[in-house]
Structure formats: structure tokens, C-alpha cells
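*Asks:*
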Amino acid sequence: MACDGIHEDGLDLFRKAGWTVETSDPIKDPKALAEKLAGFDAVLVRSATPVPGEALAKAGQLKVIGRAGAGVDTIDVEAATARGVAVMNAPDGNTLAAAEHAISLLFALARHVPRADAGMKAGDWPKAGLTGFELEGKKLGVIGLGRIGATVARKAQGIGMEVAAFDPFLPAAAAGKGSVPLMTLDELLAWADVVTLHIPRTKDTTNLLDEKRLRGMKKGAFLINAARGGLVDEQALLALLEEGHIAGAGLDTFATEPLPKDSPLRGHPRLVLTPHLGASTGEAQQAVSTILARQIIDFVATGAVAGCVNLPPLTPETAREVGPWMPLMTALGKLAGRLVPAPVKLHVTYAGRTQGLDTRPLTRLLVAALLGPASGRVTPVNALHEAATRGLEVAETLGGDGDGFDRLLRIRVEAGGQSREIEATLHRGPRVVRLDGVELDFDPLAHVLLMRNEDKPGVIGLVGSHLGAAGVNIVNFSLGATGDGGAVAAITVDREVAEAQLQSLRGIPGIVSMEQL
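Written out as C-alpha cells, the structure reads:
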């Protein structure tokens with residue numbers, strides 16, 4: 001489902017990939033959105049449709065929430081993660097549009113363009129009182145030196161401004177390495193003639209520019225916020241504008257959007273206001289739509305993770321590398337869950353040639369399959385969160401002896417003093433090659449009966465006779481002795497075996513256990 005007027009180019013990509021696309025006007029009511037989301041695999045939104053946690057109450061089929069843009073502050077990412085829903089954005093698509101809009105606000109403030117235009121259209125000649133200032137040689141303080149902030153900095157340097165930045169996400173060692181020097185936030189505010197914001201809104205950045213920090217700005221400085229609403233304390237800004245401490249501000253985003261009609265911001269003469277137009281260019285809307293569509297289609301089809309804020313990144317190229325392992329990880333997770341129903345420890349060893357293998361999606365997939373049958377909905381998105389919630393300790397080792405295999409997986413699960421180990425590989429297809437140290441050879445994706453029996457003559461023959469009488473064909477029979485008078489067998493059959501037939505098999509003399517994987 002696509003809300004908020006998503007560009008048709010992206011929607012066409014979904015249709016060409018075989019998706020059914022439904023469009024909708026913005027949905028403001030979380031309960032109404034919850035009703036709409038039931039039965040959808042993906043929902044695309046811009047800033048008009050918020051997605052709080054309650055909107056996901058009935059979204060049992062939902063796999064992805066896509067934000068056609070950069071900011072995801074209108075989406076409850078934590079709630080989506082807990083429900084196993086990926087949250088994707090397309091921050092690169094509107095970089096140029098957002099940066100250029102910030103620069104346009106800068107020019108509008110410097111030369112009083114909105115007031116001059118309004119006066120002219122009212123029939124006046126409003127030249128008096130609209131003396132501006134030149135930007136060349138002025139100091140621009142950029143808060144947030146990411147894609148958009150760096151583009152603003154480059155463009156400002158191009159018109160002759162002196163630029164410095166504060167970025168809470170860059171290490172101190174990065175200072176001086178680029179063309180933009182870094183300062184502390186307080187230093188930047190005291191130094192700059194114009195301050196421009198280019199950071200996301202988070203718990204830590206909400207009201208980042210409160211009254212104290214606004215007063216820390218140079219007297220007569222200007223402020224631009226074309227990033228996210230809520231970064232600036234709007235009441236404090238109004239007070240400092242009235243005092244004259246801040247000379248003017250250009251705002252494209254607001255704490256409440258749409259901006260209420262009675263907002264005191266609307267009437268202030270030293271404010272330039274635009275209705276969240278930062279990404280509103282035809283080029284940007286087309287770009288974010290197609291970028292997001294490709295990301296979601298690749299994610300659902302191959303497991304590739306790009307532009308996802310609650311999963312580690314996985315490019316389509318890397319996805320092709322790990323893709324063949326994904327069905328095996330799911331099968332092994334289910335097998336491990338059958339062997340140890342309530343594990344407290346899971347250790348995964350990726351042995352052999354592991355250079356270039358991104359194990360993060362594989363381990364998440366394994367954990368999701370291991371925990372999935374227990375309760376709730378577990379996907380790779382919330383697998384590690386669910387593991388921690390349920391008291392499952394997950395550890396991972398990379399490298400070591402592959403025991404003659406190019407790559408070998410060793411999976412050990414523990415609970416209540418019991419430990420079970422599975423070793424598997426993709427050699428000649430997905431194969432389990434050892435179970436609890438006993439050499440076996442079977443495809444965990446097939447219909448498999450796992451049998452423990454006394455190692456004595458006649459048992460295997462009776463098993464074959466029982467299955468034959470039930471019309472079940474044995475495709476492969478792999479047997480290994482345990483060394484203590486017993487044996488383990490993996491019996492691959494051509495179809496699922498009914499519970500009544502399993503009970504019959506369990507009654508054969510010498511059978512210790514028989515379970516269907």
C-alpha cells in the first residue's frame with residue numbers, strides 16, 4: 001500500500017515485479033491505518049502518514065515499512081523491530097533537493113525576498129527597511145555533516161562563505177581531515193553568522209537548540225532548519241527573535257505539521273516559512289520512489305538489505321554471496337529447535353574459507369528459525385531482540401578448520417545441561433554432515449526422519465518394511481554408530497509421514513526414538 005502520493009515510477013517497478021499496488025491518501029488515524037495494513041506485505045509513506053506502534057496491531061503479514069525520503073521520526077522503528085518489520089528509507093534520493101532548499105532559505109533571509117515580494121504584490125514599493133547582507137565572507141555553521149549537510153557546506157563554500165561544522169556522529173579524529181573543520185556545538189554557535197541544521201530528530205536531538213543554546217549563538221546571527229521539526233525550541237526562538245538576539249530564521253520543518261493556523265510563527269516578520277518543501281522537487285520524488293521500490297523488491301526476493309534502519313546493510317552483491325546459505329540456515333534453525341526446544345545458548349561457528357562472508361544475516365535467520373515456533377512472530381529483524389528477551393545467549397565464531405570442506409557450519413545449542421551439535425555445508429547442495437559427532441549425510445530441507453536405535457541386526461529392515469507398507473518411499477538412508485551400542489539414522493523419505501505411522505515405527509523393537517524433522 002502506498003500512501004501520501006508516492007511517485008508512479010516507483011509504483012510501476014512494483015507492478016512489473018508482480019506486486020499488487022494499492023494507493024491511498026494520507027492516513028492520520030493510527031486505528032484506521034491498522035485496519036488498512038492487515039493483509040499488506042509493505043507500506044510506503046512520506047511525512048504525512050505517521051506509523052506509530054498501534055498502527056501495526058493487525059499487520060501480521062507486513063514485512064517492510066518504506067519511507068520515501070530520509071527521516072523516519074514519524075515511524076515507530078522500535079515497535080516495528082519488535083514485530084519483525086523492516087523499516088527502510090531512501091536518504092540519497094532527496095539529498096540535492098534538501099540541500100538546495102536550505103541554500104534558498106539562506107538567500108531569502110539575506111535579501112528579505114519574501115517580504116519584498118509580498119509588498120510588491122500588495123501594490124507597495126517596500127524598499128525601505130529591507131537592506132540585506134552579502135553571503136560571501138560570512139561564517140556558516142553546519143550542524144550535521146552527513147549527505148545533506150556536506151552538500152550544503154560545499155555549495156556555501158562555492159559562494160565564498162567560510163564553513164565549519166559540528167557533527168555528533170563523527171569521531172573527534174575526523175576534525176581537520178576534510179575541507180570543513182569541526183568544532184564543538186557551543187563553539188560553532190558562538191562563531192557562526194548563520195547556523196543551519198542537517199540532523200535527524202531523535203530523543204537526543206529533540207530541542208537540541210533550546211533557549212540556552214540559542215542564546216549561545218552570536219548576537220544578530222541567523223538560523224535555518226530544513227531538516228526535521230522539533231530540533232529547535234520554537235517558543236524560545238520566538239522570544240530571542242523579539243529580543244533581537246537572533247536576527248531571523250528560515251524554517252521548513254516544524255514540531256507540529258501541518259503548522260497550526262494560529263501558530264505565532266506565522267505572523268513574525270523576521271521568519272521565512274515554507275511547508276516542508278525540502279524534498280519537494282520532481283527529481284527527488286522520482287528518485288526516492290524508485291530507490292525505495294528497488295530496495296523493497298530486492299529485500300523480499302533475495303534478502304538484500306539496503307537503506308534499512310533496523311537491519312545491518314546487505315548489498316545485492318553480498319546477498320547473492322550469502323543467498324545460497326539462507327534456506328540452509330532456516331532449515332538448521334528448525335532442526336536445532338527440534339533437538340533442543342528451549343535453548344539458553346547458541347554458538348555458531350563459520351569455519352573454513354570465510355573471507356568476504358557476511359555472517360550477520362545468516363545468524364539472524366538461524367535465530368529466527370530457531371525461535372519462530374516458540375511464540376509470536378520472529379523474523380531476522382527482531383531475532384536478536386527476541387533472543388535477548390527470551391534469555392537465549394547467541395555467540396558467533398568466524399574461521400577455523402573446515403574439516404575438509406570449503407565452508408562448514410557448526411551449530412551448538414544448549415539447555416538444562418544438554419548440548420546438541422549440528423555440522424552442515426553446501427557441498428553437493430545443503431547437507432548435514434555430522435550430528436552430535438556422528439557422521440551422517442542428509443538434506444535438512446527434505447522430509448527426514450531422525451531415528452535413534454539399538455545397533456543390532458533387523459531393526460533397519462523392519463523400519464523399511466513399515467514405511468513400504470504405508471506407501472512411503474525411502475529416498476536416502478544414512479546411518480552412523482554412536483559407539484555405545486547405539487546408532488543414529490537420518491531417513492530421507494518422499495513425503496511427510498503421518499503421526500499414526502510414526503507411532504507404529506516407534507513401536508518397533510530396538511527403536512529408541514523416531515521424530516520427523
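Residues in the sequence shown are numbered consecutively from 1, following UniProt numbering.
We put the CB at the ideal spot given by N, CA and C, even for glycine.
Look up M88 in the DSSP assignment and give the residues it is bridged to.
*Replies:* In DSSP, M88 forms a bridge with G66 and C308.
*Asks:* If you check the beta carbons only, do P30 and P52 fall under 7 Å apart?
*Replies:* Yes.
*Asks:* Is the CB-CB distance between L197 and I148 below 7 Å?
*Replies:* Their beta carbons are not under 7 Å apart, which means L197 does not touch I148 by this criterion.
*Asks:* What are the start and end residues of the alpha helix (DSSP H) that includes E54?
*Replies:* Neither: E54 is in no alpha helix (DSSP H) and is coded neither H nor E.
*Asks:* Would DSSP call A153 helix, strand or coil?
*Replies:* Of the three classes helix, strand and coil, the one that applies to A153 here is helix, per DSSP.
*Asks:* Can you tell me which of the three DSSP states E242 falls into?
*Replies:* E242 falls in the helix class under three-state DSSP.
*Asks:* Specify the secondary structure class of T81 as computed by DSSP and reduced to three states.
*Replies:* Looking at T81 - three-state DSSP - the assignment turns out to be helix.
*Asks:* Is there contact between the region 273 to 283 and the region 253 to 263, where contact requires at least three CB pairs shorter than 8 Å?
*Replies:* Contact between the region 273 to 283 and the region 253 to 263 is present, because at least three Cβ pairs lie under 8 Å.
*Asks:* For F442, which three-state DSSP category applies?
*Replies:* F442: strand per DSSP, three-state reduction.
*Asks:* Considering only DSSP beta bridges, list what Q516 is partnered with.
*Replies:* Per DSSP, L449.
*Asks:* Could you round the C-beta distance between H101 and Q286 to whole angstroms and report it? I think they count as a contact, below 8 Å.
*Replies:* Going by Cβ atoms, the distance from H101 to Q286 rounds to 17 Å, so no, they are not a contact pair.
*Asks:* Let me make sure I understand the geometry here. Which of A32, R46 and G248 has the alpha-carbon closest to that of A284?
*Replies:* Comparing Cα positions, the closest option is R46.
*Asks:* According to the neighbour-count rule (16 or more other Cβ atoms, all chains shown, within 10 Å of its Cβ), is R434 buried or exposed?
*Replies:* It counts as buried.
*Asks:* Thinking C-beta only, is G84 closer than 7 Å to N382?
*Replies:* Yes.
*Asks:* Would you list the one or two residues that DSSP bridges to L271?
*Replies:* For L271, which the question treats as bridged, DSSP gives the partners A249.
*Asks:* Which residue comes first and which comes last in the beta strand (DSSP E) that contains L140?
*Replies:* Element bounds for L140: K139 to I143.
*Asks:* Just reading off the beta strand (DSSP E) that F222 is part of, what are its end residues?
*Replies:* It spans A221 to N225 - the beta strand (DSSP E) in which F222 sits, taken as one unbroken run.
*Asks:* Within this structure, are the beta carbons of R353 and R320 separated by less than 7 Å?
*Replies:* Against a cut-off of 7 Å, the Cβ pair of R320 and R353 comes out as no contact.
*Asks:* How would you call D204, buried or exposed, if buried means at least 16 neighbouring beta carbons within 10 angstroms?
*Replies:* D204 should be labelled exposed.
*Asks:* In whole angstroms, give me the CA-to-CA distance for A110 and D9.
*Replies:* Cα to Cα, A110 sits roughly 37 Å from D9.
*Asks:* In terms of residues, what are the limits of the beta strand (DSSP E) holding V351?
*Replies:* The amino acid occupying residue 351 in the given sequence is Ala; Val does not appear at that position. Segment K345 to G352, the beta strand (DSSP E) holding A351.
*Asks:* Looking only at its own chain, which residues have a Cβ that is under 7 Å from the Cβ of V152, when we skip the five neighbours before and after it?
*Replies:* Excluding residues within five positions, the ones whose Cβ falls inside 7 Å are A99, A102, I103, V142, T196 and H198.
*Asks:* Going along the chain, which residues of its own chain have a beta-carbon closer than 7 Å to the beta-carbon of D210, five neighbours each way excluded?
*Replies:* Excluding sequence neighbours, D210 sits near D233 and A236.
*Asks:* Between the C-alpha atoms of T330 and D12, what's the straight-line distance to the nearest angstrom?
*Replies:* Approximately 32 Å, taken between the alpha carbons.
*Asks:* In the DSSP assignment, what are the bridge partners of Q418?
*Replies:* Note: Q418 sits in a beta bridge opposite A415.
*Asks:* Less than 7 Å between C-beta atoms, sequence neighbours within five positions excluded: which residues of the same chain meet that for V163?
*Replies:* Excluding positions up to five away in sequence, the list reads L140, V142, A153, A156, Q157 and V180.
*Asks:* Rounded to whole angstroms, how far is the Cβ of I296 from the Cβ of G66, which I believe are closer than 8 Å?
*Replies:* I296 to G66, Cβ: 6 Å. Contact.
*Asks:* Would you tell me roughly how many angstroms separate the C-alpha atoms of N89 and N310, rounded to the nearest one?
*Replies:* Their backbone Cα atoms lie some 11 Å apart in a straight line.
*Asks:* Enumerate in chain order the residues of its own chain whose CB-to-CB distance from K219 is below 6 Å, with the five nearest sequence positions on each side excluded.
*Replies:* For K219, where only same-chain residues beyond five positions count, the Cβ hits under 6 Å are H245.
*Asks:* Whose C-beta lies closer than 6 Å to the C-beta of A247 among residues of the same chain, with five residues either side of it excluded?
*Replies:* Within the same chain, A247 has close Cβ partners G220 and F222.
*Asks:* Taking only beta-carbon atoms, is I511 less than 7 Å away from chain B?
*Replies:* Checking the listed chains, one finds no chain B in this structure; it contains a single protein chain.
*Asks:* Could you check what DSSP says for L189 in three-state terms: helix, strand or coil?
*Replies:* Helix at L189.
*Asks:* Going by CA-CA distance only, name the one from G471, V77, R428 and G483 that's closest to E439.
*Replies:* The option with the nearest alpha carbon to E439 is G483.
*Asks:* Just the C-alpha distance for H385 and T49, rounded to the nearest angstrom, thanks.
*Replies:* One C-alpha to the other measures close to 27 Å.
*Asks:* At which residue ranges does the region 374 to 408 contain complete alpha helix (DSSP H) runs of 4 or more residues, listed in the order of the chain?
*Replies:* Taking only runs of at least 4 residues, the alpha helix (DSSP H) segments lying wholly in the region 374 to 408 are 383 to 389.
*Asks:* Which first and last residues belong to the beta strand (DSSP E) in which L197 is found?
*Replies:* Segment V194 to L197, the beta strand (DSSP E) holding L197.
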